[in-house]
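Numbering (this note's numbering), first residue to last: 1128 to 1817.
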């Protein structure tokens, strides 16, 4: 018989911790929650202080029975669920089920699963934190009151399978509002003028900034012509040269939000996938002689703080591998917003000495890519700032001033290890200018005016949406990934080219919620609710009062909606062709991955077809078919002949409707992080689009 029983959530975590604790400890997994609100009913008694009705989750009976049997044999029980509200609630439910005294020191928490961290945590067990439990309980009850009251209304008035929630409904509203902005956007014309100049055979580009000492916005061709007419010849004088040294500070370590954003930008990971891989790295991976080790700290956090031990170890690594000059001698300022919980550290490797090369052979490809990102981000955060030499040159021709800007990396600092991604995917590069002095003359080769039009705001990517939700205080680290997953599964939004577009269903549901439950879609209201839950966690607010304050008005709106909400019929849009299997009309449907065609005779006929997008190019292989856009099983876009399987032509790059001027073979659009180029599939011909 073991002296001690330790209960965690997952078998992987149990396996890792069990190796550290020794034979006196039995470590078992609860497989997440064993007790929760029932799925078949709301499970909240609004007449009795919002008292939750907890039950054993269906299918978890045998697990609970096994835990009770093990608990009877143990001298002492430790509850070691994750160090957050969810984990505290799991521990509380287990304490009740196993008849553990709530006031006993049965709770063990750790931010990382390493031998030292685990042993230290068992030296300082604590009581279950009821403020954390109450905050989690308040969230669950609130979500039930909203979801289990509005969802049946939507089933009745629109269609079955719909849902509404505080955070998900606001996320859908943000996507729909952005779409409205795009549709209402009216582009405005503007122009730029670029001068291609040369000095001592070195070419560089300068842009128009002012005329006769006044900055001038070029809004029309007439404005441009006035500038061009003012120019006198091709000789330009260097009017001003400014040289500066610019410092660029290192990035801070990852929070949940910034990890999801950067993994989307650099690795093309969805938020759900990022969190799944991070969970695996946290719970432990077998790395050979050292056994199973948790490779990163806890992945649900909004703090950028790291421990002094981690700082010291990272500084040692940097000095040994890059040199003392790469150490950051300035005290790093950790970003801490008003809403930051700071309950535990940022996401970082548990040991910087376990670099990606060391663990490479033990991780899957995707685990390694995410671990490398986290490892590099930590190391870079503790390195010296990068130093850039910048140069700005004003060049004058008869009162018309053009400006050229250049920069050169003088000292890479943290950029030697890591450069933060950006949403347009472009990499920073040195823009070098020739050495120039005031009073010198340079010659122009060409003066090129370019017409532009302002662009609408971009649709949300997952990364952008997570970032905006965080900035607005909508949701918390644990809610971003499940929220994005839910709104897609419900069919309220779809992803097209990695950007969210609203569906007709999403717009209908949002319109109904906006009419009858406007407070749920109010960003300030939702953010305040999150702050109220934080106050419950801090012991400053009573959870029942927080819910009661919300439910009074909500209940009145609910009664009004039940009486006044009209039924909505969603008609399928005809696809303009008949089903080849039964002859009925085909219609457009919206699925999780976007639009598709389905037979209107469903469920008698279950025929479906992908919507074929032609790209306007004849097949270069069979010369008969047309090239169409298709998707692989992993939803990756590729291009093939519409005569497949007779013709098996395939290209991952988009063909364009002209041939190579050098060899007459097919040209394709080749996308990279630097932009899009047109290039030949046969020879070395290439042309830049950007």
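We treat Cβ as the ideally placed atom computed from N, Cα and C, and that holds for glycine.
- The count of Cβ pairs closer than 8 Å, one atom from the region 1237–1248 and one from the region 1180–1189, stays below three, leaving the stretches out of contact.
- Here residue 1614 has 1295, 1298, 1299 and 1620 as same chain residues with Cβ atoms under 7 Å from its own Cβ, once five neighbours each way along the sequence are excluded.
- In the DSSP assignment, residue 1373 falls outside any alpha helix (DSSP H) and lies within the beta strand (DSSP E) extending over 1362–1375.
- Here DSSP, grouped into helix, strand and coil, assigns residue 1763 to coil.
- A residue is called buried once 16 or more other Cβ atoms fall within 10 Å of its Cβ, and residue 1455 is buried on that count.
- Contact between residue 1434 and residue 1472 holds: CB atoms are separated by about 6 Å, below the 8 Å threshold.
- Scanning the region 1146–1175 for uninterrupted beta strand (DSSP E) segments of 3 residues or longer gives 1152–1156, listed from N- to C-terminal end.
- Looking from the CA of residue 1203, the closest CA among 1540, 1689, 1359 and 1194 belongs to 1194.
- Excluding five sequence positions before and after residue 1370, the CB atoms of its chain that fall closer than 6 Å to its own CB belong to 1518, given in chain order.
- The C-alpha of residue 1312 lies about 52 Å from the C-alpha of residue 1219.
- Under the DSSP assignment, residue 1205 falls in the beta strand (DSSP E) whose first and last residues are 1203–1206.
- For residue 1703, the enclosing beta strand (DSSP E) starts and ends at 1700–1705.
- Restricting attention to 1803, 1708, 1252 and 1214, the CA atom closest to the CA of residue 1261 is found in 1214.
- Within the same chain, Cβ atoms closer than 8 Å to the Cβ of residue 1707 are found at 1734, the five residues on either side in sequence being excluded.
- Rounded to the nearest whole angstrom, the C-alpha separation of residue 1525 and residue 1318 is 20 Å.
- The alpha carbon of residue 1742 has as its nearest neighbour, out of 1814, 1756, 1714 and 1749, the alpha carbon of 1756.
- Going by DSSP, residue 1665 is part of no alpha helix (DSSP H) at all; its letter is neither H nor E.
- Exposure of residue 1282 is indicated by the presence of fewer than 16 other C-beta atoms within 10 angstroms of its C-beta.
- Around the Cβ of residue 1577, a 10 Å sphere holds fewer than 16 other Cβ atoms; the residue is exposed.
- Bounds of any beta strand (DSSP E) do not take in residue 1214; it lies within the alpha helix (DSSP H) bounded by 1212–1224.
- When the beta-carbon positions are compared, residue 1702 and residue 1744 stay at least 8 Å from each other.
- Judged by DSSP secondary structure, residue 1401 falls within the alpha helix (DSSP H) whose first and last residues are 1398–1410.
- Rounded to the nearest angstrom, the gap between the Cα atoms of residue 1352 and residue 1338 is 12 Å.
- Contact check for residue 1164 against residue 1271 passes: the beta carbons are separated by less than 8 Å.
- Between residue 1277 and residue 1634 a beta carbon distance of about 16 Å is seen, past the 8 Å cut, so the two are scored as non-contacting.
- At least 8 Å separates the beta-carbon of residue 1418 from that of residue 1410.
- A distance below 6 Å between beta-carbons, with the five flanking residues on each side excluded, links residue 1322 to the following residues of its chain, in chain order: 1333, 1529, 1571 and 1574.
- The alpha-carbon of residue 1379 is positioned some 15 Å away from that of residue 1387.
- Comparing C-alpha distances from residue 1234 to each of 1132, 1809 and 1768 shows the shortest one belongs to 1132.
- Its chain contains 1418 and 1419 as the residues whose beta carbon lies nearer than 7 Å to that of residue 1146, once the 5 sequence neighbours on both sides are disregarded; these appear in chain order.
- 1585 is the residue among 1185, 1358, 1585 and 1364 whose C-alpha sits nearest the C-alpha of residue 1308.
- In the pairwise beta carbon analysis, the region 1637–1645 is classified as touching the region 1678–1693: at least three pairs are separated by under 8 Å.
- The beta carbons of residue 1515 and residue 1536 sit closer together than 8 Å.
- Collapsing the DSSP output to three states places residue 1308 in a helix.
- Classified as exposed, residue 1357 has fewer than 16 neighbouring CB atoms from the shown chains inside 10 Å of its CB.
- Taken through DSSP and simplified to helix, strand or coil, residue 1791 comes out as coil.
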